[in-house]
Amino acid sequence: MITRIECANKSEFFDAEAVGVKNGAVDLGINKIDKVYFSHVTYLKGAISRQEQQIIAEKLLADNVTQEYALEQPINHTQGTAWSVEVTFNRGVTDLVAETSLKGIQDLGIRGVEAAKTARRYEIVGDLSDAEKETIVQKLLMNKVNEHVVQPNELIFAPAPEDHFELKRVPLIQADDAELIAISRQRDLYLNLAEMQTIRDHFKSIGREPTDIELEMLAQTWSEHCSHKTLTGLVEYNGELIDNPLKQTIFRVTHELNKPWCLSVFKDNAGVIAFDEEL
Numbered sequence: 001m002i003t004r005i006e007c008a009n010k011s012e013f014f015d016a017e018a019v020g021v022k023n024g025a026v027d028l029g030i031n032k033i034d035k036v037y038f039s040h041v042t043y044l045k046g047a048i049s050r051q052e053q054q055i056i057a058e059k060l061l062a063d064n065v066t067q068e069y070a071l072e073q074p075i076n077h078t079q080g081t082a083w084s085v086e087v088t089f090n091r092g093v094t095d096l097v098a099e100t101s102l103k104g105i106q107d108l109g110i111r112g113v114e115a116a117k118t119a120r121r122y123e124i125v126g127d128l129s130d131a132e133k134e135t136i137v138q139k140l141l142m143n144k145v146n147e148h149v150v151q152p153n154e155l156i157f158a159p160a161p162e163d164h165f166e167l168k169r170v171p172l173i174q175a176d177d178a179e180l181i182a183i184s185r186q187r188d189l190y191l192n193l194a195e196m197q198t199i200r201d202h203f204k205s206i207g208r209e210p211t212d213i214e215l216e217m218l219a220q221t222w223s224e225h226c227s228h229k230t231l232t233g234l235v236e237y238n239g240e241l242i243d244n245p246l247k248q249t250i251f252r253v254t255h256e257l258n259k260p261w262c263l264s265v266f267k268d269n270a271g272v273i274a275f276d277e278e279l
């Protein structure tokens with residue numbers, strides 16, 4: 001049994017997601033959108049009663065003050081006159097909101113739900129060509145790397161395809177500088193030449209090519225997101241050479257201030273602060 005619950009802002013409340021799509025289209029040179037309506041969609045797999053569906057919608061998924069919800073059928077803002085697009089994650093992509101929803105459903109004491117999946121639905125009013133619609137989908141509504149447009153009669157909880165594992169190695173140890181840069185660009189590693197040379201030399205020293213996963217892991221570890229290469233490197237600013245600006249600024253000031261409500265800073269992926277009646 002598949003339950004579909006759709007939640008959307010009530011008409012009197014501002015919808016930042018909808019306005020963002022309309023403004024984004026204008027930035028792309030598409031000025032023919034009159035109105036955008038946005039909805040969150042949650043699919044649930046499992047045997048649950050109508051009453052339990054309503055409890056999940058009202059107690060967990062919808063904000064009763066600012067939102068409305070509909071069971072099984074989409075919220076029809078335009079009586080079917082608008083172009084409608086629903087976007088969801090590809091199979092195998094982690095859906096964190098769905099996982100959180102499952103935990104919330106269990107906390108409500110409802111045990112019949114086996115799986116959850118989320119989607120985003122857009123109703124767009126305007127005289128748009130097919131080319132403009134495709135541009136809006138590709139540029140504004142979805143990330144083609146890990147999402148897709150839901151098709152009519154699509155199996156939302158389709159079984160995962162059978163996995164046929166194949167160990168893949170990247171020909172790196174004999175690559176020259178131009179080939180190293182090409183590999184970094186083609187694989188979206190965002191590693192510079194020195195970094196690619198370091199990886200190449202390491203695998204050359206152990207006498208084998210890296211696997212694609214090893215290369216991806218190194219690129220992730222050395223990424224700006226994970227290691228802050230720029231902020232922790234040498235930066236020349238106004239003629240001054242600064243070694244590790246991150247430690248010279250944010251780290252240093254935080255430790256110098258040593259505020260008592262900062263319980264843990266720069267120890268893990270998140271800091272810990274204390275709350276009192278003023279904070």
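First residue of the sequence shown: 1, per our numbering; consecutive thereafter. Glycine is no exception: its CB is placed at the ideal position from the N, C-alpha and C atoms.
N-terminal and C-terminal residue of the alpha helix (DSSP H) that residue i is part of
i: V26; result: A16 to D27
i: F89; result: Not the alpha helix (DSSP H): F89 falls in the beta strand (DSSP E), residues W83 to F89.
i: D243; result: Not the alpha helix (DSSP H): D243 falls in the beta strand (DSSP E), residues E240 to D243.
Closest by C-alpha distance to residue i, when choosing among the options
i: G112; options: Q248, V265, D268 and M1; result: M1
i: G92; options: P159, H255, N31 and V265; result: P159
i: S49; options: S101, R4, R120 and F266; result: R4
i: I156; options: S184, A119 and R252; result: A119
i: V21; options: G104, L108 and R121; result: R121
i: N143; options: F165, N90, L96 and E224; result: N90
i: S11; options: T42, T211, L60 and I75; result: I75
i: G29; options: L189, A175, I181 and K139; result: K139
i: I105; options: Y43, Q220 and K229; result: Y43
i: E86; options: R200, A182, Q151 and W222; result: Q151
i: T135; options: V26, E214 and V272; result: V26
i: S39; options: G46, A62, I56 and E52; result: A62
i: T221; options: D201, R200 and Y190; result: Y190
Beta-carbon contacts of residue i that lie in its chain and below 6 Å, excluding the five residues immediately before and after
i: D130; result: none
Own chain, CB closer than 7 Å to residue i, minus 5 neighbours either side, in chain order
i: K35; result: V125
i: H77; result: Y37 and E123
i: P245; result: L231 and V235
Neighbour-count burial assignment, residue i, 16 or more Cβ in a 10 Å radius
i: I206; result: exposed
i: L172; result: buried
i: V41; result: buried
Distance, residue j Cα to residue i Cα
i: V149; j: C262; result: 44 Å
i: L241; j: Q248; result: 12 Å
i: T232; j: K32; result: 46 Å
i: S264; j: N258; result: 10 Å
i: Y69; j: N269; result: 36 Å
i: I213; j: L102; result: 31 Å
i: E52; j: H228; result: 46 Å
i: L167; j: N192; result: 25 Å
i: D243; j: Q54; result: 58 Å
i: V97; j: K204; result: 43 Å
Span of the beta strand (DSSP E) around residue i
i: I33; result: I33 to G46
i: I2; result: I2 to N9
Close beta carbons around residue i, own chain, < 8 Å, minus the five adjacent residues each side
i: L60; result: S101, G104, I105 and L108
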